[in-house]
Amino acid sequence: MRILDRVRDTIRRYSMLRGGERVLVALSGGPDSVCLLLLLNELRDELGINLSALYVDHGLRPGEVPSEIGLCRELTSTLDTPLNVLRVDVRGFAEDQGLGTQEAARLLRYRAFYEEARRLDADRIATGHHADDQA
């Protein structure tokens with residue numbers, strides 16, 4: 344069974360998406376989130392969903408972020424999917440809250456997802472992870 348068929352079957356079996364819903368895809372430019380966006384794009388018309396994407400810049404890797412954002416912009420443009428880029432201050436938040444960098448990054452990332460979903464009136468937030476991720 345092809346991965347697209349497995350994704351389609353899982354979405355249907357668990358009623359994960361319904362026609363007319365707006366789905367915000369968390370897009371980092373990595374293989375998991377790119378794969379997720381490509382799969383959802385393949386199913387977009389069949390499922391009757393609307394897609395938007397969000398890239399969160401944590402401010403931790405200034406040398407790599409511009410190329411990641413460029414890749415995300417190119418991909419979403421090709422797929423005719425709106426992309427928003429938000430920057431969050433992980434270091435400042437971690438210091439203010441007494442948190443480690445990774446925990447602060449995760450909290451701010453998910454806060455950004457929820458705020459963007461609210462702004463777009465999105466019904467769902469889709470994140471791509473693999474078995475070894477700490478989602």
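Residue numbers for the sequence shown follow our numbering, beginning at 344 and rising by one.
Here a beta-carbon is modelled for each residue, glycine too, at the ideal position from N, C-alpha and C.
Contact between Asp464 and Glu364 is absent: CB atoms are separated by about 10 Å, not below the 8 Å threshold. Rounded to whole angstroms, the gap between the alpha carbons of Leu380 and Arg349 is 15 Å. Of all C-beta pairs linking the region 446–454 to the region 420–434, three or more are shorter than 8 Å, placing the two stretches in contact.
Residue environment analysis places Glu459 among the buried positions, since at least 16 neighbouring C-beta atoms fall within 10 angstroms of its C-beta.
When secondary structure is reduced to three states using DSSP, Ala447 falls in the helix class. With a cut-off of 8 Å on Cβ pairs, the region 360–375 is in contact with the region 384–398, counting three or more such pairs. Of the residues assessed, Thr421 falls on the exposed side of the cut-off, its CB having fewer than 16 other CB atoms within 10 angstroms. Around the Cβ of Ser410, a 10 Å sphere holds fewer than 16 other Cβ atoms; the residue is exposed.
If you ignore the 5 residues before and after Arg351, its C-beta comes within less than 7 Å of the C-beta of Leu386, all in its own chain and listed in chain order. Beyond the five residues adjoining it in sequence on each side, Asn384 comes within less than 6 Å, by CB distance, of Leu422 in the same chain, given in chain order.
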